[in-house]
Amino acid sequence: MSIRNFWKILSGTFLIVGASTLSAQSQAQMFSRPGVIGDSLSQGFYGATVEEKTQNWAYPVLVSKQAGSNVSYNVLKGPYLNFEDVLKGDCGVFCIAASIIGGNGSTVGLPTHAGITGADYTTVLQTSGQCENINATTWAKQWYWETWYWYTYRWIQVPDCQSPDKFHQFGLRSSGTQIQVMQAVKPSFLFGTAAANHVLCTALSTSTDCLDQARFLRDIRSTMSKMAAIGSIKGGVLFTVPNVTSIAFLENYNDPQGRVNYSGLKAFFRSSVSDPSQVLDKNEVATITNFLTSINNEVKAQAVAMGFALADLKVLFDDLKENGRLIKSPSGYSPGYAKANWPLPGQPGIFGLDGVHPNMYGHSVFANELIKAINSKYGYSIPQVSEYTAWYYDSLNRNPVDLKKFLTDTLFGQFISWVIGIFV
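In structure tokens, the structure reads:
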């Protein structure tokens, strides 16, 4: 071997070692201070509530831990109910009352995780733990002496601070809006998606009235612009929004009388449709599909502009809907393929009992897709969450609850259906 070739090989070895070291250092630097904006998926909403055991399974918490880091957040104990605990008898009268009232289990002065249930890019910018809209104003009288003998008034604009919902109150407290929290945190890595509620509202309300493309584009671009201006962010991850018309919350309904605008997709808890507003017909589904495409195109564009990783969760969800996802232990045992529904006897599922949000196992699947995207983008080797372990310790998957049967066959269930119908 010539001296020249020897040095080439030796130099190549140093480069490989150096690249490996640089990658490890880069991952440590990247996740030295992760920050989170987002919605219920990021906060850990599960079974109609947020509490410590659900927050521990939210994707920013799982991914950060797998990357050797962590995020801090205000721990919630409600508001509202964990349906699973109630139906399995693990939450009695006093537990139900405490959950409905809600509150904090513990708090931090400045959370690095600011994701809040119900949030979108508009509320990321304007809703704090104390004000529904920090930019809102109203007109008020200002009294003054116009002359030494004439006391009169003029109309002036003053802040109009209306109380936000309880998730924002308990989740953000006095730390500001989500964007203000990130400006104070100065994160090194950003979990930055808050797009789902811009379109999920159509499924929950069975209406397209809530769609507002101009607002979405304005506010996601403003959010990302403000994030870029922080200067500390080295990387991040965004994800596309799954097909909201395919979630377990909705099911097909054919009107017995053959009326076209009474047929389509209805909320699972409704036994029938008494008004066209209670169903998404095929024209409304087409409108939602087109809007979803525009949202996801913008999310992809923002990921490129920010230099972020992108997880295409729409593709993942479409595959889950069509083919399911195999659950398998290291020893080879498998309970089967999980589908895009809540768990039923003999059929694992990724949804919680609300039919909208992931269960414990579903959160692990979600987190792993983000880990794959981050590893691919930045060349890391962040280990994945054990999906089998998540399934094994997911009491909803191990001991399923047939919620539809419960809502139909029991008086308490019928009462819950009535309550849900009022609030939805």
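In case it helps, mature numbering (1 follows the signal peptide of the UniProt record, and there is no 0) puts the sequence shown at residues -24 to -1, 1 to 400.
No residue lacks a Cβ here, since even glycine has one placed at the ideal position from N, Cα and C.
Buried versus exposed call for residue i [16 or more other C-beta atoms within 10 Å across all chains shown]
i, result
"Gly94", "buried"
"Ser75", "buried"
"Trp33", "buried"
"Asn213", "The displayed chain sequence assigns Val, not Asn, to residue 213. So Val213 counts as buried."
"Pro232", "exposed"
"Ser250", "exposed"
"Asn259", "exposed"
"Cys186", "exposed"
"Ala4", "exposed"
"Asp295", "exposed"
"Tyr129", "exposed"
"Leu166", "buried"
"Lys381", "exposed"
"Gly147", "buried"
"Ile358", "buried"
"Gly81", "exposed"
"Ser340", "buried"
"Ser66", "The amino acid occupying residue 66 in the given sequence is Asp; Ser does not appear at that position. Label assigned to Asp66: exposed."
"Trp124", "exposed"
"Ser(-5)", "The pLDDT assigned to Ser(-5) is 39, lower than 50, so where the model puts this residue is not dependable; a value taken from the coordinates is nonetheless given after this. By the 10 Å Cβ count, Ser(-5) comes out exposed."
"Val51", "buried"
"residue 412", "Any answer about residue 412 is impossible in this case: the structure gives the chain only from -24 up to 400."
"Phe70", "exposed"
"Lys29", "exposed"
As assigned by DSSP and simplified to three states, the class of residue i
i, result
"Ala116", "strand"
"Glu108", "coil"
"Ile326", "coil"
"Lys380", "helix"
"Thr(-4)", "Confidence at Thr(-4) is low in this model, with a pLDDT of 37, below 50, so the placement of that residue should be treated as unreliable; the coordinate-derived value is given next. DSSP places Thr(-4) in helix when its eight states are reduced to three."
"Arg301", "strand"
"Gly338", "helix"
"Ala287", "strand"
"Ser48", "coil"
"Ile(-16)", "Model confidence at Ile(-16) stands at a pLDDT of 39, short of 50, so the residue's coordinates are unreliable and nothing is read from them."
"Tyr313", "strand"
"Trp121", "strand"
"Gly65", "coil"
"Tyr22", "strand"
"Gly331", "coil"
"Leu86", "coil"
"Val255", "strand"
"Lys210", "coil"
"Ile347", "helix"
Enclosing alpha helix (DSSP H) for residue i [first to last residue]
i, result
"Ile92", "Counting along the chain, Ile92 falls outside any alpha helix (DSSP H), and DSSP gives it neither H nor E."
"Asn58", "Counting along the chain, Asn58 falls outside any alpha helix (DSSP H), and DSSP gives it neither H nor E."
"Gly11", "Note, Gly11: premise wrong, no alpha helix (DSSP H); beta strand (DSSP E) at 10 to 12."
"Ala279", "258 to 282"
"Ala74", "69 to 77"
"Asn219", "Neither: Asn219 is in no alpha helix (DSSP H) and is coded neither H nor E."
"Leu373", "According to the sequence shown, residue 373 is Asn rather than Leu. Segment 371 to 374, the alpha helix (DSSP H) holding Asn373."
"Ser82", "Careful: Ser82 lies outside any alpha helix (DSSP H), inside the beta strand (DSSP E) at 80 to 82."
"Ala160", "154 to 161"
"residue 404", "With the chain covering -24 to 400 only, the question about residue 404 has no answer from this structure."
"Glu28", "28 to 31"
"residue 401", "This structure does not reach residue 401, given that the chain is present from -24 up to 400, and the question cannot be answered."
"Leu148", "142 to 148"
"Val236", "Here Val236 belongs to no alpha helix (DSSP H), and DSSP marks it neither H nor E."
"Leu320", "Premise fails: Leu320 is in no alpha helix (DSSP H) and is neither H nor E."
"Ser139", "No alpha helix (DSSP H) holds Ser139; DSSP gives it neither H nor E."
"Pro36", "35 to 42"
For residue i, the first and last residue of its enclosing beta strand (DSSP E)
i, result
"Gln133", "126 to 135"
"Ala204", "No beta strand (DSSP E) contains Ala204, which is instead part of the alpha helix (DSSP H) from 189 to 206."
"Glu227", "226 to 229"
"Leu241", "240 to 243"
"Leu166", "165 to 167"
Nearest-angstrom beta carbon gap, residue j and residue i [assumed within contact, 8 Å]
i, j, result
"Val377", "Leu329", "6 Å"
"Leu241", "Val220", "Wrong, their Cβ atoms sit about 10 Å apart, outside the cutoff."
"Asn375", "Glu363", "18 Å between Cβ atoms; not a contact."
"Gln154", "Ala90", "4 Å"
"Phe215", "Leu286", "7 Å"
"Leu17", "His333", "7 Å"
"Asn299", "Asn335", "No, Asn299 and Asn335 are not in contact; Cβ-Cβ is about 19 Å, not under 8 Å."
"Arg9", "Ser151", "Arg9 to Ser151, Cβ: 16 Å. No contact."
Residue i CB to nearest heavy atom of the ligand NAP below 8 Å
i, result
"Tyr22", "In terms of ligand content, the structure shown is empty, and the ligand NAP therefore cannot be addressed."
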